[in-house]
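Here the protein sequences line up with chains A and B, keeping their order. For the first sequence, this note's numbering begins at 1 and goes up steadily by one. For the second sequence, this note's numbering begins at 1 and goes up steadily by one. By construction, the Cβ of each residue, glycine as well, lies at the ideal position given by its N, Cα and C atoms. Notes follow once the structure below has been shown.
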Amino acid sequence: MEHAIEARALRKTYPADVRALDGLDFAVEPGTVFGLLGPNGAGKSTAVKILTTLSRADAGTASIAGHDVVAAADAVRRSIGVVAQKAGVDREATGRENLRLQGQMYGLRGRALEDRIDALLDRFGLTDAADRIGRTYSGGMQRRLDIAMALVHQPSVLFLDEPTTGLDPEVRADMWREIERLSTDQGITVLLTTHYLEEADRLAKQLAIVDRGKVVARGTPEELKADLRGDAVVVELEGAYDGEVTRALERVEGLREVTVEGTALRARSDDGARAVPHVLQALEAGGVRVASVTVARPSLDDVYLRYAGRTFDAAEKEENR
Amino acid sequence: MTAAVHFARDSRDQTVRHVRAFLRQPWWIVVTLMQPIIWLLLFGALFEKVVDIPGFTGDNYLTFLAPGVVVMTALFSSGWAGMPVIEDLDRGVMDRMLVTPVRRGALIAGRIAQGALMLLIQSVIIVGLALAVGATFDGGVEGVLALFAVSILLGMIFGTLSIAMALIVRHEETLIAIVTGVTLPLTFLSTAFQQKDLLPGWMQTVADVNPVNWAVEAGREAVSAVPDWGFVASRAGFLAALTLVCGAFATRAFRAYQKSV
Numbered sequence: 001m002e003h004a005i006e007a008r009a010l011r012k013t014y015p016a017d018v019r020a021l022d023g024l025d026f027a028v029e030p031g032t033v034f035g036l037l038g039p040n041g042a043g044k045s046t047a048v049k050i051l052t053t054l055s056r057a058d059a060g061t062a063s064i065a066g067h068d069v070v071a072a073a074d075a076v077r078r079s080i081g082v083v084a085q086k087a088g089v090d091r092e093a094t095g096r097e098n099l100r101l102q103g104q105m106y107g108l109r110g111r112a113l114e115d116r117i118d119a120l121l122d123r124f125g126l127t128d129a130a131d132r133i134g135r136t137y138s139g140g141m142q143r144r145l146d147i148a149m150a151l152v153h154q155p156s157v158l159f160l161d162e163p164t165t166g167l168d169p170e171v172r173a174d175m176w177r178e179i180e181r182l183s184t185d186q187g188i189t190v191l192l193t194t195h196y197l198e199e200a201d202r203l204a205k206q207l208a209i210v211d212r213g214k215v216v217a218r219g220t221p222e223e224l225k226a227d228l229r230g231d232a233v234v235v236e237l238e239g240a241y242d243g244e245v246t247r248a249l250e251r252v253e254g255l256r257e258v259t260v261e262g263t264a265l266r267a268r269s270d271d272g273a274r275a276v277p278h279v280l281q282a283l284e285a286g287g288v289r290v291a292s293v294t295v296a297r298p299s300l301d302d303v304y305l306r307y308a309g310r311t312f313d314a315a316e317k318e319e320n321r
Numbered sequence: 001m002t003a004a005v006h007f008a009r010d011s012r013d014q015t016v017r018h019v020r021a022f023l024r025q026p027w028w029i030v031v032t033l034m035q036p037i038i039w040l041l042l043f044g045a046l047f048e049k050v051v052d053i054p055g056f057t058g059d060n061y062l063t064f065l066a067p068g069v070v071v072m073t074a075l076f077s078s079g080w081a082g083m084p085v086i087e088d089l090d091r092g093v094m095d096r097m098l099v100t101p102v103r104r105g106a107l108i109a110g111r112i113a114q115g116a117l118m119l120l121i122q123s124v125i126i127v128g129l130a131l132a133v134g135a136t137f138d139g140g141v142e143g144v145l146a147l148f149a150v151s152i153l154l155g156m157i158f159g160t161l162s163i164a165m166a167l168i169v170r171h172e173e174t175l176i177a178i179v180t181g182v183t184l185p186l187t188f189l190s191t192a193f194q195q196k197d198l199l200p201g202w203m204q205t206v207a208d209v210n211p212v213n214w215a216v217e218a219g220r221e222a223v224s225a226v227p228d229w230g231f232v233a234s235r236a237g238f239l240a241a242l243t244l245v246c247g248a249f250a251t252r253a254f255r256a257y258q259k260s261v
């Protein structure tokens, strides 16, 4: 089966030697929601810009529905809809006018275009606001208009670059339902980039975890989590300790992958509940003071830690520096 | 469908966007007219006695100045054409358009067409005002229309250059510095305020290759009592050729922008 999206060994370096992509590789099956998960600065947006013909890779190839993004850019543009991080709504035009110009850029005209606009306004709950100017729209309304615009020409592949960043939790939940609807009802292939683990977990059928411009893990959210056998044990320490503290725990039976980051000590155990007393005992013997202990089923955060060698939060802070 | 039809249709759609935005803020035209009105009234009064300088032909400085003010207005208004482009870049509107099949040239043509329409309105107002304060346009209506045409051509040149610079520098402050740094000297290195043979020698040389001066001289010639139409046509030809060169340059600036994102 032909892939809806294919990225092969994409590389891109920005001036001043900022390496955004370092051999990014992935493929997306038609009609599915594919998640690119990673912290800000991991290279997700750069990947979207290259796949949507906005930018060009220094090396590697990419194709959408079999069309090469460089050699057949026009065919790619006709197949895709793009919702970028910035809303891209013309604030001086009404919602209807925004949709009309968007359709015209794809060569849509007349009655067919007007009918399509009415249908999209209705579907995204914008009918009442259709003739109001964009600058009067709330953040959530702009996002909805943005998605409606991306769908005006009925694309087969939709790119959503951090679609829920900056939205209220309630609006975010609406957006999630909408994204689910797009792929299940209409068979649109969706590529979703996100730095929300919860969002990737809920929406993506397949995931690729991106760190420093590379895919470090891929699979369904369940597969990725299942790879991590056992529970996550997280101990919050009173004060920061160095690597020494991990040595005290290496003798505890059934405990693996012990790491410490600031005041958080993490480990993995086949039976978390049973490991806790032993962990506390070992720490006490080592003179380490403990603030709290939690045991949890594996999350995507744990997956990230396992493959990227740092927690999501730490990576996010590092990239934003 | 041929590429030309595509381009024309895309350009028209973009023009509609910009003209509509302009019609929603019509007071903007008043703001942009402040400067030329000041030029006309203040400089008209300040240099009233220029006509007494030996060697100055004509006896009404306002009549001499008015075509220059029309051309200067075209230069100054169009110089800012890049500012809303930077806003489009910042808001993500430009990126959204660049991932559609829209012709890149049409994104420029739409803004230039709207700018030309605005210039036409401004020029009519300035000519009306000049007539009211005592300037004369001896060449009649066809002379004034020719003046509008060369002004608009000059506006198209600096409009496309401003858009190209906007795509390259992508920073409002930088664009403001460039536009101010270019438009003011070009105005004073032209015959907008002073007759050519009364300018210092080096200024005359610069004025000969200054597109602003081509428009000023052609416009002033066109509204004179007995215009030398051959001269007007030659300067209009230079301006038209330069418009095409600048249009091609601005379209290429999209590539520079896309390479950098």
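When you measure from the CB of residue i to every non-hydrogen atom of the ligand SAM, does any distance come out below 8 Å?
i                : result
Glu236 (chain A) : No copy of the ligand SAM appears in this structure; indeed no ligand is present at all.
What do you get for residue i, buried or exposed, if any count of 16 or more other CB atoms within 10 angstroms of its CB means buried?
i                : result
Val335 (chain A) : Missing from the structure shown is residue 335 (chain A); chain A here goes from 1 to 321 and no further.
Trp202 (chain B) : exposed
Gln281 (chain A) : exposed
Ile209 (chain A) : buried
Trp27 (chain B)  : exposed
Val124 (chain B) : exposed
Gly81 (chain A)  : buried
Leu46 (chain B)  : exposed
Ala177 (chain B) : exposed
Met34 (chain B)  : exposed
Glu162 (chain A) : buried
Quick check: what's the CA-CA separation for residue i versus residue j?
i                : j                : result
Ala267 (chain A) : Leu120 (chain A) : 49 Å
Ala130 (chain A) : Arg20 (chain B)  : 16 Å
Ile168 (chain B) : Gln104 (chain A) : 27 Å
Val127 (chain B) : Val216 (chain B) : 14 Å
Ala72 (chain A)  : Ala47 (chain A)  : 18 Å
Leu276 (chain B) : Phe158 (chain B) : Any answer about residue 276 (chain B) is impossible in this case: the structure gives chain B only from 1 up to 261.
Ala149 (chain B) : Arg91 (chain B)  : 34 Å
Phe193 (chain B) : Gly68 (chain B)  : 7 Å
Thr205 (chain B) : Val157 (chain A) : 59 Å
Arg77 (chain A)  : Leu160 (chain A) : 15 Å
Gly264 (chain B) : Val232 (chain B) : No statement about residue 264 (chain B) is possible, as the shown extent of chain B runs from 1 to 261 and does not include it.
Val262 (chain B) : Leu145 (chain A) : With chain B represented from 1 up to 261, any question about residue 262 (chain B) goes unanswered, as that position is not in the structure.
Ala173 (chain A) : Ala240 (chain B) : 56 Å
Ser190 (chain B) : Glu48 (chain B)  : 18 Å
Gly262 (chain A) : Val234 (chain A) : 12 Å
Val209 (chain B) : Ala315 (chain A) : 57 Å
Bridge partners for residue i per DSSP, in chain order?
i                : result
Phe26 (chain A)  : A:Ala7
Asp161 (chain A) : A:Thr193
His67 (chain A)  : A:Ile64
Ile188 (chain A) : Paired residue(s): none; Ile188 (chain A) is not in a bridge.
Gln154 (chain A) : DSSP, once it has assigned bridges, lists no residue as partnering Gln154 (chain A).
Ser269 (chain A) : A:Asp231, A:Leu255
Asp228 (chain B) : DSSP, once it has assigned bridges, lists no residue as partnering Asp228 (chain B).
Ser292 (chain A) : A:Glu236
Asp211 (chain A) : A:Lys214
If we cut at 9 Å on Cβ distances, does residue i have a partner in chain A?
i                : result
Lys259 (chain B) : yes
Leu244 (chain B) : no
Arg252 (chain B) : no
Leu98 (chain B)  : yes
Arg91 (chain B)  : yes
Leu21 (chain B)  : Note that residue 21 (chain B) corresponds to Ala in the displayed sequence, not to Leu. Output row for Ala21 (chain B): interface = yes.
Val85 (chain B)  : no
Val280 (chain B) : Since the first residue of chain B shown is 1 and the last is 261, residue 280 (chain B) is not available in this structure.
Asp59 (chain B)  : no
Arg104 (chain B) : no
Pro200 (chain B) : no
Using 9 Å as the limit for Cβ to Cβ distance, is residue i near chain B?
i                : result
Arg56 (chain A)  : yes
Tyr106 (chain A) : yes
Pro15 (chain A)  : yes
Gly88 (chain A)  : yes
Gln322 (chain A) : Because chain A spans 1 through 321 in this model, residue 322 (chain A) falls outside it and cannot be assessed.
Would residue i pass as an interface residue toward chain D - the criterion being a Cβ-Cβ separation below 9 Å?
i               : result
Lys49 (chain A) : Checking the listed chains, one finds no chain D in this structure; the protein chains it contains are A and B.
request  = Determine contact between the segment 250-260 of chain B and the segment 102-117 of chain B, defined as no fewer than three beta-carbon pairs at a distance below 8 Å.
outcome  = yes
task = Please confirm if the segment 40-54 of chain A is in contact with the segment 184-196 of chain A, defined as three or more CB-CB distances below 8 Å between the two stretches.
result = yes
The segment 217-225 of chain B in contact with the segment 130-142 of chain B per 3-pair CB rule at 8 Å = yes
message = Assess contact between the segment 87-101 of chain B and the segment 77-97 of chain A, defined as three or more Cβ pairs (one per stretch) separated by less than 8 Å. Is contact present?
response = yes
request  = Please determine if the segment 41-48 of chain B and the segment 5-21 of chain B are in contact, where contact requires at least 3 C-beta pairs separated by less than 8 Å.
outcome  = no
ask   = Is there contact here, the segment 57-68 of chain A with the segment 240-260 of chain A, by at least three beta-carbon pairs under 8 Å?
value = no
key: Cβ contact (3+ pairs, closer than 8 Å) linking the segment 165-183 of chain A and the segment 136-155 of chain A   = yes
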